[in-house]
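J.:
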Amino acid sequence: MSTTLLDRTPEPELESTPRKKPLLTFRGVCWIVMAIVVFLILYPLVRTALGMLGIGTDAAQLGQMWATFWQRSTLTMTVNTVLAVGIAGIGALAAGALFAWANERTDARLGFAARSLPLIPMFIPSIAAAVGWVFLASSNAGLLNVLIRNVLGTVGIEMTEGPLNIHSWPGLIFAYFLFLTPYAYLTISSGLQSLDPALEEASRSSGASAFTTFRRVTLPSLRPSLAASVLLIATMGFALFSIPLVIGTPAGIDVLPVEIVHMVAHEYPSNKAGALGLSIVVVAVVILCWMLQRRLVRSGGHATISGRGARSAALQLGRWRWPVRIAMLGFMALTAVLPLLGLIAVSLQSYWTANFSFSSLTLSNYESLFDNELVWGGLQNSVVLAAIGATAAIVAGALITMVVESRRSKVTQTLDGIVKIPATLTHIIIAVAFVVAFAGAPFYLVGTYAILMLAYVVLYIPQATFYSSAAYHQVGRQLTEASATSGAAAWTTFRRVLLPLMAPGLIAGWSLLFVLITGDITASSMLAGTHTPVVGFVILDLWTSGTYPRLAALGVLMTVVASIVVLTVMWLRDKLRLVL
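Heads up: the sequence shown begins at 407 in my numbering, then just goes up one per residue.
In structure tokens, the structure reads:
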């Protein structure tokens with residue numbers, strides 16, 4: 407039996423078309439964003455540093471810079487700035503440590519109010535808060551002074567002015583103290599949350615009092631947080647422009663930030679050489695504080711933990727519980743409630759007067775805000791720039807975090823350190839650097855929205871990376887590894903896994919950046935103009951022209967806008983957390 411074998415024609419093989427690789431991968435985009443941010447930080451700072459060293463600067467400008475540096479008035483302004491920031495900073499450090507300890511370790515904590523303590527002052531722009539205190543505590547027409555004088559008059563004590571005077575050294579230091587305390591509180595509170603309370607419990611078990619435990623155990627264990635607070639207070643204090651302008655200048659107290667802004671924004675032509683000369687002093691002080699911080703941290707003596715500490719039972723303060731709570735609530739009132747009431751009271755009057763009358767209340771100042779092209783344009787520009795700037799910064803921060811966290815190396819760590827540089831410098835230095843680098847050739851960005859936007863992003867990119875990094879670490883590495891193992895590309899993993907889980911933290915960061923940008927006064931005063939107005943520039947213009955009721959109305963309106971945006975964003979964040 408024979409078998410016939412049929413030749414089977416083989417089926418033609420299908421040609422596999424290779425998948426085209428995209429010209430630009432997700433990691434490539436992240437690296438490009440990192441490179442752009444690093445350039446925007448380093449280029450103006452290097453240009454400014456070279457100018458301080460006389461490289462690329464003509465002899466006349468170099469001579470003017472050093473002449474300003476060696477002027478006797480520079481020494482006077484330096485001493486004034488150091489005294490104001492130093493005295494207020496010591497008080498802010500003590501109050502911040504006490505409030506943080508009370509909220510994190512005792513039964514005096516205030517719950518939601520405790521979490522809101524660092525954010526409340528941010529709802530009111532610093533210059534609006536300062537103006538609010540001027541309306542309250544001006545020696546002659548201050549509303550609080552009038553109330554006190556009326557009360558004293560009922561017992562036979564007659565006064566024609568005072569007893570409070572915000573335009574004085576005590577008034578200036580008081581305003582600095584209110585501004586700086588939340589920053590100390592925020593840093594020290596974070597340190598306490600990460601600190602294992604076992605050492606404190608052991609101290610109390612051995613018979614030590616609560617105060618002795620706080621002084622001998624808690625404070626030494628918090629040395630890194632205290633050192634970071636010192637650096638932050640010095641950086642923020644030496645950058646503060648609005649409070650010394652509104653409170654210090656009328657009292658004849660001249661400080662460095664006010665003079666630097668005056669040289670750049672109010673002298674014609676702009677005295678950039680003189681501003682660089684004064685900036686040398688500010689940089690030197692910040693470097694000294696940074697060296698002090700490094701020394702304190704390296705000297706040891708602080709507690710470190712390897713894991714997440716368990717929360718201890720709250721320390722019972724007994725009869726001191728409510729006095730401590732009243733002190734914290736009183737601080738909140740001094741920081742936000744009282745100055746806001748002062749702004750509201752003046753904004754409802756036709757002109758600022760000590761004789762407040764309900765029969766003369768008017769909304770004309772609020773109506774004039776919308777009729778005035780400069781004011782209305784500045785308000786719109788600030789909201790738009792803040793929304794775009796906060797979005798750009800938080801997106802850039804998230805992409806930079808992907809670069810740093812995906813591959814730990816000396817290169818990525820160095821780049822991450824460069825991105826954090828603006829957090830260690832004052833806003834004054836950053837703004838001066840942008841004027842030096844981008845106002846003239848080859849960019850010619852002076853008087854444009856572009857220079858404002860770039861400056862805002864650089865100023866607040868460190869905060870954006872802080873929030874994005876914290877949000878990234880809340881996501882378990884197992885999720886990203888599982889996504890990568892299943893074959894998902896980096897962009898898919900970021901879009902479908904990381905971004906939804908990081909969203910609550912990123913949204914919180916966005917709301918903070920929005921408030922900070924809308925309330926910025928230092929960079930805005932030097933980089934904005936009549937053709938590119940923002941709220942900070944407009945408030946300064948209203949203050950200079952003496953239109954106080956309209957200024958008060960704008961301060962109230964900005965506080966309302968910032969509060970609505972932040973509360974709405976926080977509500978959306980909480981809803982998103984419930985969904986996830």
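Glycine included, C-beta positions come from ideal geometry on N, C-alpha and C.
Give every residue of the same chain whose Cβ lies closer than 6 angstroms to the Cβ of residue 969, excluding the five residues on either side of it in the sequence, and list them in chain order.
T.: Residue mapping note: residue 969 aligns to position 563 of the sequence shown, counting from 1. Excluding residues within five positions, the ones whose Cβ falls inside 6 angstroms are 529.
J.: Roughly how many angstroms lie between the CA atoms of residue 971 and residue 879, to the nearest whole one?
T.: One-based indexing of the sequence shown puts residue 971 at position 565. One-based indexing of the sequence shown puts residue 879 at position 473. Distance between the alpha carbons of residue 971 and residue 879 is about 26 angstroms.
J.: Determine the direct distance from the alpha carbon of residue 789 to that of residue 954, and round the result to whole angstroms.
T.: Taking the sequence shown and counting its residues from 1, one reaches residue 954 at position 548. Taking the sequence shown and counting its residues from 1, one reaches residue 789 at position 383. Answer to the nearest angstrom: the Cα atoms are 22 angstroms apart.
J.: Taking all protein chains shown into account, decide if residue 822 is buried (16 or more other Cβ within 10 angstroms of its Cβ) or exposed.
T.: Taking the first residue of the sequence shown as 1, we reach residue 822 at position 416. So residue 822 ends up on the buried side.
J.: Nearest by alpha-carbon distance to residue 921: which of 796, 860, 892 is it?
T.: Sequence index remark: in the sequence shown, residue 921 carries index 515 (1-based). Cα-wise, what sits closest to residue 921 is 796.
J.: Under DSSP, the alpha helix (DSSP H) around residue 673 begins and ends at which residues?
T.: Position 267 of the sequence shown, counting from 1, holds the residue named residue 673. Looking at the DSSP string, residue 673 is not in any alpha helix (DSSP H), and its letter there is neither H nor E.
J.: Is it buried or exposed, residue 551, if we count other Cβ atoms within 10 angstroms and call 16 or more buried?
T.: Taking the first residue of the sequence shown as 1, we reach residue 551 at position 145. It is buried - the Cβ of residue 551 has at least 16 other Cβ atoms within 10 Å.
J.: Which residue marks the beginning of the alpha helix (DSSP H) containing residue 541, and which one marks its end?
T.: Along the sequence shown, read from residue 1 onward, the residue named residue 541 stands at position 135. Run containing residue 541: 532-543, per the alpha helix (DSSP H) assignment.
J.: For residue 488, which residues of its own chain have a beta-carbon under 8 angstroms away from its beta-carbon, when the five flanking residues on both sides are left out?
T.: Taking the sequence shown and counting its residues from 1, one reaches residue 488 at position 82. Contacts found: 691.
J.: Taking a contact to mean a Cβ-Cβ separation below 8 angstroms, would you say residue 635 touches residue 502 in this structure?
T.: As a working note, residue 635 is residue 229 in the sequence shown. As a working note, residue 502 is residue 96 in the sequence shown. Against a cut-off of 8 angstroms, the Cβ pair of residue 502 and residue 635 comes out as a contact.
J.: If you reduce the DSSP assignment to three classes, tell me which class residue 935 lands in.
T.: Residue mapping note: residue 935 aligns to position 529 of the sequence shown, counting from 1. Three-state result, residue 935: strand.
J.: Grab me the residues of residue 731's own chain with a C-beta within less than 6 angstroms of its C-beta, minus the 5 sequence neighbours each way, in chain order.
T.: One-based indexing of the sequence shown puts residue 731 at position 325. Taken in chain order, the residues that qualify are 514.
J.: Report yes if the C-beta distance between residue 838 and residue 681 is below 8 angstroms; otherwise report no.
T.: The residue labelled residue 838 in the question sits at position 432 within the sequence shown. The residue labelled residue 681 in the question sits at position 275 within the sequence shown. Yes; because the gap between Cβ atoms is below 8 angstroms, this pair is in contact.
J.: Anyone know if the C-beta pair for residue 639 and residue 674 falls short of 8 angstroms?
T.: Locating residue 639 in the sequence shown gives position 233, where the first residue counts as 1. Locating residue 674 in the sequence shown gives position 268, where the first residue counts as 1. Not closer than 8 angstroms, so no.
J.: Tell me, please, whether the stretch 568-576 touches the stretch 537-551 by the rule of three or more beta-carbon pairs shorter than 8 angstroms.
T.: Verdict: yes, contact present.
J.: What residue does the alpha helix (DSSP H) around residue 665 start on, and which one ends it?
T.: For the purposes of this step, residue 665 is taken as the residue at position 259 of the sequence shown. Element bounds for residue 665: 662-667.
J.: Classify residue 721 as helix, strand or coil using the three-state DSSP reduction.
T.: Within the sequence shown, numbered from 1, the residue matching residue 721 stands at position 315. Residue 721: strand per DSSP, three-state reduction.
J.: Give me the residue from 786, 642, 770 with the minimum Cα distance to residue 956.
T.: The residue you call residue 956 lines up with position 550 of the sequence shown. Answer by Cα proximity: 770.
J.: Quick one: residues in its chain with C-beta nearer than 8 angstroms to the C-beta of residue 767, no 5 flanking neighbours on either side, listed in chain order?
T.: Along the sequence shown, one-based indexing puts residue 767 at 361. Answer for residue 767: 754, 755, listed in chain order.
J.: Please report the distance separating the alpha-carbon of residue 745 from that of residue 875.
T.: Along the sequence shown, one-based indexing puts residue 745 at 339. Along the sequence shown, one-based indexing puts residue 875 at 469. If you take the alpha carbons of residue 745 and residue 875, they lie about 35 angstroms apart.
J.: Between the stretch 911-930 and the stretch 721-740, are three or more C-beta pairs nearer than 8 angstroms?
T.: The stretch 911-930 is not in contact with the stretch 721-740.
J.: Give me the residue from 447, 500, 905, 813 with the minimum Cα distance to residue 824.
T.: As a first step, residue 824 must be located in the sequence shown, where it is residue number 418. Ranking the options by Cα distance to residue 824, first place goes to 447.
J.: Assuming residue 666 and residue 536 form a contact by the criterion Cβ under 8 angstroms, report the distance between their Cβ atoms to the nearest whole angstrom.
T.: As a first step, residue 666 must be located in the sequence shown, where it is residue number 260. As a first step, residue 536 must be located in the sequence shown, where it is residue number 130. At roughly 18 angstroms, the Cβ-Cβ gap does not stay under 8 angstroms, so residue 666 and residue 536 are not in contact.
J.: Contact between the stretch 466-482 and the stretch 561-571: three or more CB pairs below 8 angstroms?
T.: In short, these stretches do not touch, since the Cβ pair count stays below three.
J.: How many angstroms separate the CA atom of residue 664 from the CA atom of residue 494?
T.: Locating residue 664 in the sequence shown gives position 258, counting from the first residue. Locating residue 494 in the sequence shown gives position 88, counting from the first residue. Taking the straight line joining both Cα atoms gives about 18 angstroms.
J.: Does residue 833 get closer than 8 angstroms to chain C when you measure Cβ to Cβ?
T.: Going by chain labels, chain C is absent from the structure shown, which holds only one protein chain.
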